[in-house]
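Structure record follows, encoded as structure tokens.
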Amino acid sequence: MIMGKNFDKYSDYVVPIVWIAVGFLFACHGAQKLFGVLGSQSEIHDPEGLVAGLVEFFGGSLVALGFGARTAAFLASGEMAVAYFKAHAPRGFWPILNGGERAVLYCFFFLYVTAYGPGRMALEFVLQKLRRRGEP
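Numbering (my numbering) for the sequence shown: 39 to 174.
Next up, the structure:
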């Protein structure tokens, strides 16, 4: 495919932008739960809300930074699977009808991040590269 080859050279730059955007949005959900900001109330009084807020805020931040992204994404994917089956699936089978499409999308995005690993622009990769340069 001619079109695909033309865009391949940009993938090293586009992938981190997507990771940053999705990680930031996910972290915003965590900020809502932890700090009661962005039009929501704090959920730290509820153990499930606290755990969800921590996973979302710190997991989203780590994915956005590309530091410990695989582990953070794995936890975030699992959290979104639990959220879907606990909060949305009981309302019906189809995510578009039960309001769970965001949970499904986040779940599979973070599963992809877990499998893909940090790209060349990720903070984790850059730090490893700098460490290798400093070795004798």
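Using N, Cα and C, we set each Cβ at its ideal position, and we do this for glycine too.
Member of F123, A125, F147 whose CA lies at the smallest distance from the CA of A110: If we check each option's Cα against that of A110, F147 comes out closest.
Would DSSP call M39 helix, strand or coil? With a pLDDT of 49 at M39, under the threshold of 50, the predicted position of this residue should be treated as unreliable, and no value is reported.
Pick from F73, G68, M118, A141 that is closest to S99, judged by C-alpha positions: It is G68 whose Cα lies nearest to the Cα of S99.
With a Cβ-Cβ cutoff of 8 Å, do P133 and V120 count as a contact? No.
Quick one: Cα of H126 to Cα of K167, how far? Near 43 Å, if we compare the C-alpha coordinates of K167 and H126.
Sort G77, A114, Y48, L76 by Cα distance to R140 and report the nearest one. Of the listed residues, the one whose Cα sits closest to R140 is A114.
Assign M159 to one of three DSSP states: helix, strand, or coil. The answer is coil: DSSP assigns M159 none of H, G, I, E or B.
Test item: CB-CB of V151 and A107 under 8 Å: Result yes, Cβ atoms of V151 and A107 sit closer than 8 Å.
For Y51 and M39, the rounded distance between their alpha carbons: Only weak support exists for where M39 lies, its pLDDT of 49 falling under 50; the coordinates are left without a value.
Rounded to a whole number of angstroms, what is the C-alpha to C-alpha distance between N136 and Y154? If I take the Cα positions, the gap works out to 29 Å.
Test item: CB-CB of L161 and G104 under 8 Å: Closer than 8 Å, so yes.
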